[in-house]
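Accompanying notes for the structure given below.
Residue numbers (the numbering used here): 46 to 189.
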């Protein structure tokens with residue numbers, strides 16, 4: 046048996062984990078739409094992003110420390126971009142999505158996730174991400 050399995054051993058729990066990993070893949074890009082748009086298109090992307098985050102907090106995370114319980118699993122990895130990259134995109138765009146008051150459990154999860162040694166030791170430098178993404182956004186918004 047694996048020391049740190051990414052998927053639960055129970056078949057039902059495995060199916061649920063696969064569902065939420067696919068949800069992250071399908072719905073996560075809405076945050077990118079917020080990042081690369083302005084005006085009405087950005088407002089719609091913000092609304093869709095907030096709806097996605099609310100669904101994740103209420104239905105996927107619940108009251109658990111990590112999506113599968115006490116250890117990081119595949120769903121945590123799938124939503125890992127929220128933990129580190131979302132704050133950078135919020136700062137660049139000037140929009141706060143993942144507010145501790147609006148999403149207390151998801152906010153707490155981001156802290157727990159980033160504090161895990163295997164994650165913390167491998168996170169890219171925030172300042173470098175910020176500079177890179179800011180340039181990228183400026184280029185994307187400048188192109189026709």
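Cβ coordinates follow ideal geometry from the N, Cα and C atoms, glycine included. All figures in this text were calculated on a predicted structure; none of them were measured in a lab.
Inset, instruction - Compare the Cα-Cα distances from residue 171 to each of 142, 145, 182 and 136 and report the closest residue. - result: Against the chain shown, residue 171 aligns to sequence position 126. It is 136.
Inset, instruction - Would you grab the beta carbon distance between residue 53 and residue 107 for me? Rounded to a whole angstrom, and I think it's under 8 Å. - result: Sequence index remark: in the chain shown, residue 53 carries index 8 (1-based). Sequence index remark: in the chain shown, residue 107 carries index 62 (1-based). That pair is no contact at about 15 Å.
Legend entry - CB of residue 68 within 7 Å of CB of residue 121, strictly: In the chain shown, counting from the first residue as 1, residue 68 sits at position 23. In the chain shown, counting from the first residue as 1, residue 121 sits at position 76. Not a contact, by the Cβ cut-off of 7 Å.
Inset, instruction - May I ask you to list the residues that DSSP assigns as paired with residue 111? - result: Within the chain shown, the letter at position 66 stands for residue 111. Answer by DSSP bridge pairing, in chain order: 114.
Inset, instruction - Reducing DSSP to helix, strand and coil, say where residue 141 ends up. - result: Counting from 1 along the chain shown, the entry for residue 141 is found at position 96. Three-state result, residue 141: coil.
Legend entry - residue 131 in three-state terms, based on DSSP: Translated into the one-based positions of the chain shown, residue 131 becomes position 86. Of the three classes helix, strand and coil, the one that applies to residue 131 here is helix, per DSSP.
Legend entry - Contact set for residue 78: own chain, Cβ-Cβ below 7 Å, skip 5 residues either direction: In the chain shown, the residue the question calls residue 78 occupies position 33. Once the five neighbours on either side are set aside, the close Cβ partners of residue 78 are 90.
Inset, instruction - Taking only the alpha-carbon atoms, compute the straight-line gap between residue 71 and residue 174 and give it to the nearest angstrom. - result: Reading the chain shown from its first residue, position 26 is the one you call residue 71. Reading the chain shown from its first residue, position 129 is the one you call residue 174. About 23 Å.
Legend entry - Nearest residue (CA-CA) to residue 97, options 164, 151, 189 and 161: Working through the chain shown from its first residue, we reach residue 97 at position 52. Among 164, 151, 189 and 161, the Cα nearest to that of residue 97 is on 151.
Legend entry - residue 76 versus residue 131: straight-line alpha-carbon distance, rounded: Residue mapping note: residue 76 aligns to position 31 of the chain shown, counting from 1. Residue mapping note: residue 131 aligns to position 86 of the chain shown, counting from 1. Straight across, the Cα-Cα distance linking residue 76 with residue 131 is about 8 Å.
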